[in-house]
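K.L.:
Here you go, one structure.
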């Protein structure tokens, strides 16, 4: 869109402006190009190029003596990642943790989102949105660390539950699942709430008028319409958990997830090609998941 | 659909319980910021303002907050421009490859942070031969922030339709005038919501940041990670966290007010 650089030229420039407008009005392809060029260049130039390069580096090797990268292409790293039992174990563990976190978060988020969107008064709803949003701003690291202190021996959890004979699970996979489920919960509640908010109230009234009990209405009207939003929420919790290596370090004890393997290979082990090959595992899993849920329209609800 | 009072009560109770669970760890952080024992034993024995005083004088924390704010502001601005352009392109036009482009916008947030981090690290250093700096962090953050702006704007565009803009054009307004007087006012609250989320996302990001920050660049999460396990620094980190939670209430409150106004207009 043009501006007027010189006031004395304002009148002719206004006319030029108008000419430009009508010129564009009849050329939708040109308008599309103007909109698309900048963001597409950025995303392809920065992100797709980087991902493609990562794919190529997975085919390189590192000389174990000199630490130099050998740029001849081989499938050795990929073979190692596919066949070595370590990677299989860690992949399954990571998938298990991500799935558990996702199930817990959806189970907690569904009733809350429904309550916020369809039951609470507008005033209470606004307050609840703020209440759910605020923890997002507390640092992720601080939250993980708070759980470390909650779960510690003699920590708050032991202190409260001890009298009932229940003890903190200590640092380990259970702690990782609890902490991650806690940290990502707002990311799951918000899209589900937005999705349920979009379910027209008239449909619920109609179902009620036609005699459906509320449980049936929820099961056959609300849930199917909110499903894409629920899946959008699971994309967040699943992907965020799968790539994490910091929470595992803070509350996971000696356990490793895929993120840890990638991290150590980039850093301490100085083996970028192997790290790239390991990183392909979460990429393949996420792309598979996205392909699976794409037809539900979940991607429009992120 | 009418819910029985019992069902409403159960839903309300459940929501309240989960919120209590959500806020308990935050409350623990607040209490620990006054805990005289630096290893934060529970329950705290006494009360001290020492950590707050230390945090107030901590130049490291202040610099880290400043760096994070700079990174978050610039990457939010970039993502506001790119995300809005992208939303217009995908909502107002049909073209070959539209679904792939849609997937492309989502990908940086749908793929785990460690993938984005290592891919960008490799691309910057290995391929482009660029030294990591604050600019590489900004480029990385902007890339995954585009999607939050995009989603908010495209949802608004879907609801707006094009009637007002057509009317404006029929009445003789040029593209710029229509955008300024018709389109932008309707988009404003969506841009604010998307921009706030982008800011929050960038401000708290640690994984991608670890892989793309130059050695001298300390964003707040990196500062926190460096100090969390130091003996006398953990309570200072707790203080910084409490301040952040308190400060964050302001933007959330503004966003809610604006969202509320938009609702009233509808």
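Chains as they are written, first to last, in the numbering used here: chain V, 13 to 314; chain W, 13 to 278. For glycine and all other residues, C-beta sits at the position ideal for the given N, C-alpha and C.
Looking only at DSSP bridge pairs, what is residue 81 (chain V) linked to?
P.N.:
Start at 1 with the first residue of the first chain, and residue 81 (chain V) comes out as number 69. V:74.
K.L.:
What do you reckon, are the CB atoms on residue 244 (chain W) and residue 50 (chain W) nearer than 8 Å?
P.N.:
Position 232 of the second chain, counted from the start, is the residue given in the question as residue 244 (chain W). Position 38 of the second chain, counted from the start, is the residue given in the question as residue 50 (chain W). Yes, Cβ-Cβ distance for residue 244 (chain W) and residue 50 (chain W) is below 8 Å.
K.L.:
Kindly list, in the order they appear in chain V, the residues whose Cβ is closer than 9 Å to that of residue 17 (chain W).
P.N.:
As a first step, residue 17 (chain W) must be located in the second chain, where it is residue number 5. In chain order: nothing, as chain V lies at least about 11 Å away.
K.L.:
State the DSSP-derived secondary structure class of residue 77 (chain W), mapped to helix, strand or coil.
P.N.:
Sequence index remark: in the second chain, residue 77 (chain W) carries index 65 (1-based). Helix at residue 77 (chain W).
K.L.:
Could you check the C-alpha separation between residue 140 (chain V) and residue 281 (chain V) for me, to the nearest Å?
P.N.:
The residue labelled residue 140 (chain V) in the question sits at position 128 within the first chain. The residue labelled residue 281 (chain V) in the question sits at position 269 within the first chain. So the two alpha carbons sit approximately 46 Å from each other.
K.L.:
Would you grab the beta carbon distance between residue 131 (chain W) and residue 232 (chain W) for me? Rounded to a whole angstrom, and I think it's under 8 Å.
P.N.:
By 1-based counting over the second chain, the position of residue 131 (chain W) is 119. By 1-based counting over the second chain, the position of residue 232 (chain W) is 220. At roughly 24 Å, the Cβ-Cβ gap does not stay under 8 Å, so residue 131 (chain W) and residue 232 (chain W) are not in contact.
K.L.:
What does residue 116 (chain V) touch in chain W if you count any residue whose Cβ is under 8 Å from its own?
P.N.:
One-based indexing of the first chain puts residue 116 (chain V) at position 104. In chain order: nothing, as chain W lies at least about 11 Å away.
K.L.:
Using CA coordinates, which residue listed in W:149, W:198, W:155 is at the minimum distance from residue 175 (chain W)?
P.N.:
Here residue 175 (chain W) corresponds to residue number 163 of the second chain, with the count starting at 1. Minimum Cα distance to residue 175 (chain W) is reached at W:198.
K.L.:
What does residue 307 (chain V) touch in chain W if you count any residue whose Cβ is under 8 Å from its own?
P.N.:
Taking the first chain and counting its residues from 1, the one referred to as residue 307 (chain V) is at position 295. Per Cβ cutoff of 8 Å: no residues; residue 307 (chain V) is ~11 Å from chain W at best.
K.L.:
Decide if the stretch 175 to 184 of chain V is in contact with the stretch 259 to 267 of chain V; the criterion is three or more beta carbon pairs, one per stretch, under 8 Å apart.
P.N.:
yes
K.L.:
Check whether chain V comes within 8 Å of residue 138 (chain W), counting only Cβ atoms and requiring the distance to be less than that.
P.N.:
Counting from one through the second chain, the residue named residue 138 (chain W) turns up at place 126. Taking Cβ atoms only, chain V reaches closer than 8 Å to residue 138 (chain W), which makes this a yes.
K.L.:
Cα-Cα, which of W:196, W:203, W:151, W:142 is closest to residue 160 (chain W)?
P.N.:
For the purposes of this step, residue 160 (chain W) is taken as the residue at position 148 of the second chain. Selected option, being the one with the closest Cα: W:203.
K.L.:
Is DSSP giving residue 67 (chain W) helix, strand or coil here?
P.N.:
The residue you call residue 67 (chain W) lines up with position 55 of the second chain. Correct three-state label for residue 67 (chain W): helix.
K.L.:
Could you give the DSSP three-state label for residue 144 (chain W): helix, strand or coil?
P.N.:
Looking up residue 144 (chain W) in the second chain gives position 132. Coil at residue 144 (chain W), not helix or strand.
K.L.:
Would you decide whether residue 266 (chain W) is buried or exposed? Buried here means 16 or more other CB atoms lie within 10 Å of its CB.
P.N.:
To locate residue 266 (chain W), count along the second chain from 1; it is residue 254. With fewer than 16 Cβ atoms within 10 Å of its Cβ, residue 266 (chain W) is classed as exposed.
K.L.:
Applying a beta-carbon distance threshold of less than 9 Å, which residues of chain V neighbour residue 20 (chain W)?
P.N.:
As a working note, residue 20 (chain W) is residue 8 in the second chain. 127, 131, listed in chain order.
K.L.:
Do residue 204 (chain V) and residue 122 (chain V) have their CB atoms nearer than 8 Å?
P.N.:
Taking the first chain and counting its residues from 1, one reaches residue 204 (chain V) at position 192. Taking the first chain and counting its residues from 1, one reaches residue 122 (chain V) at position 110. Against a cut-off of 8 Å, the Cβ pair of residue 122 (chain V) and residue 204 (chain V) comes out as a contact.
K.L.:
In terms of alpha-carbon separation, which member of V:231, V:29, V:232, V:48 lies closest to residue 116 (chain W)?
P.N.:
The sequence position of residue 116 (chain W) within the second chain is 104, counting from 1. Of all alpha-carbon atoms in V:231, V:29, V:232, V:48, the one lying nearest the alpha-carbon of residue 116 (chain W) is that of V:48.
K.L.:
Do you know offhand how far residue 218 (chain V)'s Cα is from residue 224 (chain V)'s?
P.N.:
For the purposes of this step, residue 218 (chain V) is identified with residue 206 of the first chain, where counting begins at 1. For the purposes of this step, residue 224 (chain V) is identified with residue 212 of the first chain, where counting begins at 1. So the alpha carbons of these two residues sit roughly 9 Å apart.
K.L.:
In whole angstroms, what separates the C-alpha of residue 293 (chain V) from that of residue 79 (chain W)?
P.N.:
Within the first chain, numbered from 1, the residue matching residue 293 (chain V) stands at position 281. Within the second chain, numbered from 1, the residue matching residue 79 (chain W) stands at position 67. Roughly 33 Å between the two C-alpha positions.
K.L.:
Take residue 63 (chain V) and list the residues in its own chain whose beta-carbon comes closer than 8 Å to its own, dropping the five residues that flank it on each side.
P.N.:
Here residue 63 (chain V) corresponds to residue number 51 of the first chain, with the count starting at 1. The answer, listed in chain order, is 295.
K.L.:
Could one say the Cβ of residue 212 (chain V) lies closer than 8 Å to chain W's Cβ atoms, at least one of them?
P.N.:
The count along the first chain starts at 1 and reaches residue 212 (chain V) at position 200. For residue 212 (chain V), the answer is no, since every Cβ of chain W falls outside 8 Å of its Cβ.
K.L.:
Tell me whether the beta-carbon of residue 254 (chain V) lies closer than 8 Å to the beta-carbon of residue 201 (chain V).
P.N.:
Reading the first chain from its first residue, position 242 is the one you call residue 254 (chain V). Reading the first chain from its first residue, position 189 is the one you call residue 201 (chain V). Not closer than 8 Å, so no.
K.L.:
Should residue 237 (chain V) be flagged as near chain W, meaning a C-beta pair shorter than 8 Å?
P.N.:
Your numbering for residue 237 (chain V) matches position 225 in the first chain. Taking 8 Å as the CB threshold, residue 237 (chain V) stays off the interface with chain W.
K.L.:
Using three-state DSSP, classify residue 49 (chain V) as helix, strand or coil.
P.N.:
Sequence index remark: in the first chain, residue 49 (chain V) carries index 37 (1-based). If DSSP states are grouped into helix, strand and coil, residue 49 (chain V) belongs with the helices.
K.L.:
With H, G and I counted as helix, E and B as strand and the rest as coil, what does DSSP make of residue 159 (chain V)?
P.N.:
Translated into the one-based positions of the first chain, residue 159 (chain V) becomes position 147. Annotated three-state conformation of residue 159 (chain V) is helix, per DSSP.
K.L.:
Candidates W:20, W:125, W:60, W:230: which alpha carbon is nearest residue 248 (chain W)'s?
P.N.:
Numbered from 1 along the second chain, position 236 holds the residue referred to as residue 248 (chain W). Minimum Cα distance to residue 248 (chain W) is reached at W:60.
K.L.:
Buried or exposed for residue 217 (chain W), please, with buried defined as at least 16 other CB atoms from any protein chain shown within 10 angstroms of its CB.
P.N.:
For the purposes of this step, residue 217 (chain W) is identified with residue 205 of the second chain, where counting begins at 1. Buried, by the Cβ-count rule.
K.L.:
Mind checking whether the beta-carbon of residue 203 (chain V) lies closer than 7 Å to any heavy atom of the ligand COA?
P.N.:
With respect to small molecules bound, the structure shown includes none, and the ligand COA cannot be examined in it.
K.L.:
Compare the Cα-Cα distances from residue 70 (chain V) to each of V:307, V:120, V:98, V:87 and report the closest residue.
P.N.:
Reading the first chain from its first residue, position 58 is the one you call residue 70 (chain V). If we check each option's Cα against that of residue 70 (chain V), V:87 comes out closest.
K.L.:
Between residue 68 (chain V) and residue 236 (chain V), what straight-line distance do the alpha-carbon atoms span, to the nearest angstrom?
P.N.:
The residue you call residue 68 (chain V) lines up with position 56 of the first chain. The residue you call residue 236 (chain V) lines up with position 224 of the first chain. Between the alpha carbons of residue 68 (chain V) and residue 236 (chain V) lies a distance of about 42 Å.
K.L.:
Can you tell me whether residue 17 (chain W) is buried or exposed, with buried defined as 16 or more other CB within 10 angstroms of its CB?
P.N.:
Against the second chain, residue 17 (chain W) aligns to sequence position 5. Exposed, by the Cβ-count rule.
K.L.:
Residues of chain V with CB closer than 8 Å to the CB of residue 158 (chain W), please, in chain order.
P.N.:
As a first step, residue 158 (chain W) is located in the second chain; it is residue number 146 there, counting from the start. Chain V residues near residue 158 (chain W): 51, 54, 55.
K.L.:
So with CB distances below 7 Å, who are the chain A contacts of residue 47 (chain V)?
P.N.:
No chain A appears in the structure shown, which is made up of the protein chains V and W.
K.L.:
Once you ignore the five residues that flank residue 53 (chain W) on each side, which residues in its own chain have a CB closer than 6 Å to its CB?
P.N.:
In the second chain, counting from the first residue as 1, residue 53 (chain W) sits at position 41. Closer than 6 Å at the Cβ level, and outside the excluded window around residue 53 (chain W), lies no residue.
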